[in-house]
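Below is one structure; the comments refer to it alone.
Protein chains in written order, with my numbering: chain A, 2 to 325; chain B, 4 to 333.
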């Protein structure tokens, strides 16, 4: 059992890849916003990389253990401590019954920290996944963020692996100015956006609005040129189209405002999508600080995007770890 | 490679021009793991949904290696695929092959459940959220008359009164062309064009909508699966179409009630008190949802029905247009 002493600002149970295959029912996959740090944490403690763990957003969470486990914390630096003693990120540790794990406030760049516990969080599987999907109030612990007093069941701990760390040269580096690989989306130029619009999109340093969360990342307002004068039957504005499905990670432009549709986002709607964040770059979104960080989009094609995924899968492997 | 007319650009991977028996199809790149397949032009044509759902079913049945899932909408299918295993060119060719193998459009039969949902028109819950909107968001919203959207709906569509509008909502079957935005939210379109109500959206949008609310914007009717913000003109409230706690047999296998291709009718008409009772019976498991699981939809028969009712539908459309011109928009 894992006892929640404090859920902090927003802590949820997630697994990877989340609830895949339900887009036609209106359900985005959920899962960790930073799937790289999440899977690394699981790998460190000896879990399957996709096993259910915790996503701690913006800091301030505390947990107590009721049996012996191995834990790892990966992602943003929230000054993690076991029984008050500072521990390193990207490294697995043994804990005993009665021990506490505390995450404090953010220290440096990055926004989300991931806690993996050997055996994984054993909440019920709902529609194929344990991931919390707050818009539909399903998955995770009662379909919601954790709060004080919640008791999380843990799975059987198999070959737990304490005393390992990610090789220091392979630890992802965080920044406040991100470069995010993206592929052109279904309504890019020439028939919805102009070539100049797309050039602006791929060169501008966008600011992430403070009103950004797991359902969407809002970027700054921009006066687009638009290739069409109106949206025709779909509405008055050229950003309107007859409703169609939205890709996960799409950059959706509603009127003047681009919004990246993150893992809890809407599945379908009537606004254009100019680009889609590459699958291998989605993790970066999870570490951006709303209201503070800037991002540029770097255009890649489908083949280059596939390479990114392959590089990431290579990184998430035993070869990236070492004993300490 | 699929036959196309050379109209390719960065994101348009292929364009297959219209020819006898089939509309134009455009294949668009939608990032590194999605492709959008669009039918015809950007115009509202419900019959495109039948082609979409016919092809969608064929794609699901075919089980193409590397295909993860599909998202049908009114005139498009978004395909989610693994681009490390399935190259875009091969996906396009596979879709084209499947489309060519579909039976002629007029002979398509689509699995289409029939579902009837009780409705309380002008109910206290939607009225309460409309009242909050007037108090906190917009006092002079022209789409709110006597605290509801029904009277405005009647005016905008050239109908006698709110009562006639309710009759129109109940008179047609509603075709579920897509499910999405929120979990389980259906995009429903009127199959009987003689009763096809059209309405503008709220401006600005409404921060509150009760779960189970029924609203219309454009030609589309939506049922709100969860309490949320919304922009549709609200007419009434029905029973749950989404239950994450799965408290009724209708939700035993899936917390989402409706699917693309379903047909929904509204009835019987109930009072607020009756709706409370039915909703309680839903949650304690004693209410049985009215669903005909085995029904099918015959496209040819429907096309004949459209032809038979064309003049009446056209007469209503003209009446609507005149009424809309003299009605303020929000």
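We treat Cβ as the ideally placed atom computed from N, Cα and C, and that holds for glycine.
**Item:** Residues of the stretch 34-64 of chain B whose Cβ lies closer than 7 Å to any Cβ of chain A, in chain order
**Value:** So the close ones are 34, 35, 36, 37, 39, 45, 46 and 47.
**Request:** Using a Cβ cut-off of 8 Å (strictly closer), state whether residue 95 of chain A contacts chain B.
**Result:** Indexing the first chain from 1 puts residue 95 of chain A at position 94. Interface with chain B (8 Å Cβ-Cβ cutoff): residue 95 of chain A is excluded.
**Message:** When you compare the stretch 31-41 of chain A with the stretch 185-198 of chain B, are there three or more beta-carbon pairs, one atom per stretch, that lie closer than 8 Å?
**Reply:** The answer is no - the stretch 185-198 of chain B does not touch the stretch 31-41 of chain A, with fewer than three Cβ pairs under 8 Å.
**Prompt:** Using the rule of at least 16 other Cβ atoms within 10 Å of the residue's Cβ for burial, across every protein chain shown, is residue 9 of chain B buried or exposed?
**Reply:** Walking along the second chain from the start, residue 9 of chain B turns up at place 6. Residue confidence is low: residue 9 of chain B scores 39 on pLDDT, short of 50, so the model does not pin down where it sits. Its coordinate-derived value is still stated next. Residue environment analysis places residue 9 of chain B among the exposed positions, since fewer than 16 neighbouring C-beta atoms fall within 10 angstroms of its C-beta.
**Request:** Assuming residue 163 of chain A and residue 310 of chain A form a contact by the criterion Cβ under 8 Å, report the distance between their Cβ atoms to the nearest whole angstrom.
**Result:** Within the first chain, the letter at position 162 stands for residue 163 of chain A. Within the first chain, the letter at position 309 stands for residue 310 of chain A. Residue 163 of chain A to residue 310 of chain A, Cβ: 30 Å. No contact.
**Message:** Counting beta carbon pairs with one atom in the stretch 31-44 of chain B and one in the stretch 274-286 of chain A, are three or more of them shorter than 8 Å?
**Reply:** When C-beta atoms of the stretch 274-286 of chain A are compared with those of the stretch 31-44 of chain B, three or more pairs fall below 8 Å, so the two segments count as touching.
**Message:** Going by C-alpha to C-alpha distance, which of A/155, A/165 and A/139 sits closest to residue 2 of chain A?
**Reply:** As a first step, residue 2 of chain A is located in the first chain; it is residue number 1 there, counting from the start. Closest by alpha carbon: A/155.
**Request:** Report the partner residues of residue 178 of chain B according to the DSSP bridge assignment.
**Result:** Residue 178 of chain B sits at position 175 when you count from the first residue of the second chain. Per DSSP, B/192 and B/266.
**Prompt:** Can you find at least 3 beta carbon pairs, one from the stretch 250-257 of chain B and one from the stretch 286-302 of chain B, that sit closer than 8 Å?
**Reply:** Three or more beta-carbon pairs separated by less than 8 Å link the stretch 250-257 of chain B to the stretch 286-302 of chain B, which places the two stretches in contact.
**Asked** Is the stretch 223-240 of chain A touching the stretch 183-196 of chain A in the sense that three or more CB pairs, one from each, lie closer than 8 Å?
**Response** They touch, by the three-pair rule.
**Prompt:** So is residue 319 of chain A in contact with chain B if we call contact Cβ pairs under 8 Å?
**Reply:** If you number the first chain from 1, residue 319 of chain A lands on position 318. False, the Cβ-Cβ gap to chain B never drops below 8 Å.
**Request:** Could you name the residues of the same chain whose beta carbon sits closer than 7 Å to that of residue 93 of chain B, not counting the 5 residues immediately before and after it, in chain order?
**Result:** To locate residue 93 of chain B, count along the second chain from 1; it is residue 90. Within the same chain, residue 93 of chain B has no close Cβ partners at all.
**Asked** Of all the CB atoms in chain B, is at least one closer than 8 Å to the CB of residue 242 of chain A?
**Response** Residue numbering aside, residue 242 of chain A sits at position 241 when the first chain is read from its first letter. Closer than 8 Å to some Cβ of chain B, the Cβ of residue 242 of chain A qualifies, so yes.
**Request:** Throw me the rounded Cβ distance for the residue 172 of chain A and residue 91 of chain A pair, which I believe falls under 8 Å.
**Result:** As a working note, residue 172 of chain A is residue 171 in the first chain. As a working note, residue 91 of chain A is residue 90 in the first chain. With a Cβ gap of about 5 Å, residue 172 of chain A and residue 91 of chain A count as contacting.
**Prompt:** Going along the chain, which residues of its own chain have a beta-carbon closer than 6 Å to the beta-carbon of residue 120 of chain A, five neighbours each way excluded?
**Reply:** What you label residue 120 of chain A is simply residue 119 of the first chain in a count that begins at 1. Within the same chain, residue 120 of chain A has close Cβ partners 155, 156, 157 and 158.
**Asked** So, residue 144 of chain A versus residue 135 of chain A, is the Cβ gap smaller than 8 Å?
**Response** Counting from one through the first chain, the residue named residue 144 of chain A turns up at place 143. Counting from one through the first chain, the residue named residue 135 of chain A turns up at place 134. If you check the CB distance, residue 144 of chain A and residue 135 of chain A come in under 8 Å.
**Prompt:** Using the rule of at least 16 other Cβ atoms within 10 Å of the residue's Cβ for burial, across every protein chain shown, is residue 306 of chain A buried or exposed?
**Reply:** Residue 306 of chain A sits at position 305 when you count from the first residue of the first chain. It counts as buried.
**Asked** Would you call the stretch 260-269 of chain B and the stretch 232-245 of chain B touching, i.e. three or more CB-CB distances under 8 Å?
**Response** Yes, the stretch 260-269 of chain B is in contact with the stretch 232-245 of chain B.
**Prompt:** Is the CB of residue 216 of chain A under 8 Å away from at least one CB in chain B?
**Reply:** As a working note, residue 216 of chain A is residue 215 in the first chain. Chain B contact via Cβ: absent.
**Message:** With a threshold of 8 Å between beta-carbons, can residue 258 of chain B be considered close to chain A, or not?
**Reply:** Start at 1 with the first residue of the second chain, and residue 258 of chain B comes out as number 255. Taking CB atoms only, residue 258 of chain B has a neighbour in chain A less than 8 Å away.
**Prompt:** Mind listing which residues of the stretch 77-92 of chain B have their C-beta closer than 8 Å to chain A's C-betas, in chain order?
**Reply:** Listed in sequence order: 77, 78, 79, 80, 81, 83, 86, 87 and 91.
**Request:** Measure how close the beta-carbons of residue 216 of chain B and residue 237 of chain B come, nearest whole angstrom, since I'm counting them as under 8 Å.
**Result:** For the purposes of this step, residue 216 of chain B is identified with residue 213 of the second chain, where counting begins at 1. For the purposes of this step, residue 237 of chain B is identified with residue 234 of the second chain, where counting begins at 1. Their Cβ separation, rounded to whole angstroms, is 5 Å, which keeps residue 216 of chain B and residue 237 of chain B in contact under 8 Å.
**Item:** Three-way DSSP call (helix, strand, coil) for residue 9 of chain B in this model
**Value:** Here residue 9 of chain B refers to the residue found at position 6 of the second chain. Confidence at residue 9 of chain B is low in this model, with a pLDDT of 39, below 50, so its placement is unreliable and no value can be given for it.
**Request:** Check each candidate in B/69, B/99 and B/113 and name the one with the smallest Cα separation from residue 304 of chain B.
**Result:** Along the second chain, read from residue 1 onward, the residue named residue 304 of chain B stands at position 301. Measuring from the Cα of residue 304 of chain B, the nearest candidate turns out to be B/113.
**Prompt:** What does residue 188 of chain B touch in chain A if you count any residue whose Cβ is under 8 Å from its own?
**Reply:** Sequence index remark: in the second chain, residue 188 of chain B carries index 185 (1-based). Correct list: 27.
**Item:** residue 76 of chain A, enclosing alpha helix (DSSP H) - first and last residue
**Value:** Within the first chain, the letter at position 75 stands for residue 76 of chain A. Taken as a continuous stretch (DSSP letters only), residue 76 of chain A belongs to no alpha helix (DSSP H), being part of the beta strand (DSSP E) at 70-76.
**Residues, ordered as in the chain, of the stretch 154-182 of chain B that lie near chain A by beta-carbon distance below 9 Å** = Within the stretch 154-182 of chain B, the qualifying residues are 180, 181 and 182.
**Message:** Closer than 7 Å between beta carbons: that is the criterion. Which residues of the stretch 124-154 of chain A meet it against chain B?
**Reply:** For the stretch 124-154 of chain A, which is checked against every Cβ of chain B, the residues closer than 7 Å are 136, 137, 138, 139 and 144.
**Asked** Can you tell me the Cα-Cα spacing of residue 123 of chain B and residue 47 of chain A, whole angstroms?
**Response** Within the second chain, numbered from 1, the residue matching residue 123 of chain B stands at position 120. Within the first chain, numbered from 1, the residue matching residue 47 of chain A stands at position 46. If I take the Cα positions, the gap works out to 55 Å.
**Message:** Let's see if you can read the secondary structure: which residues bound the beta strand (DSSP E) around residue 317 of chain A?
**Reply:** One-based indexing of the first chain puts residue 317 of chain A at position 316. That residue, residue 317 of chain A, is in no beta strand (DSSP E); it is neither H nor E in DSSP.
**Prompt:** Excluding five sequence neighbours on each side, which residues of the same chain lie with their C-beta closer than 6 Å to the C-beta of residue 200 of chain A?
**Reply:** Numbered from its first residue, the first chain carries residue 200 of chain A at position 199. Residues of the same chain with a CB within less than 6 Å of the CB of residue 200 of chain A, apart from the 5 flanking positions on each side, do not exist.
**Message:** Run through chain B and tell me which residues come within less than 9 Å of residue 303 of chain A, C-beta to C-beta.
**Reply:** Walking along the first chain from the start, residue 303 of chain A turns up at place 302. Residues of chain B whose Cβ lies closer than 9 Å to the Cβ of residue 303 of chain A are, in chain order, 32, 34, 35, 36, 86, 90 and 91.
**Item:** Closest residue to residue 262 of chain A among A/6, A/34 and A/83 (Cα-Cα distance)
**Value:** Taking the first residue of the first chain as position 1, residue 262 of chain A is located at position 261. For residue 262 of chain A, the closest alpha carbon among the candidates A/6, A/34 and A/83 is that of A/34.
**Message:** Could you check whether residue 100 of chain A and residue 122 of chain A sit closer than 8 Å to each other, using their CB atoms as the reference points?
**Reply:** One-based indexing of the first chain puts residue 122 of chain A at position 121. One-based indexing of the first chain puts residue 100 of chain A at position 99. For residue 122 of chain A and residue 100 of chain A, no; Cβs fall outside 8 Å.
**Request:** Find the nearest neighbour of residue 341 of chain A within the set A/54, A/63, A/4 and A/25, judged by alpha-carbon distance.
**Result:** The displayed coordinates of chain A run from 2 to 325. Any statement about residue 341 of chain A would go beyond what the structure contains.
**Message:** Please list, in chain order, the chain B residues whose beta carbon lies closer than 7 Å to that of residue 185 of chain A.
**Reply:** The residue you call residue 185 of chain A lines up with position 184 of the first chain. Here the neighbours are 13, 14 and 32.
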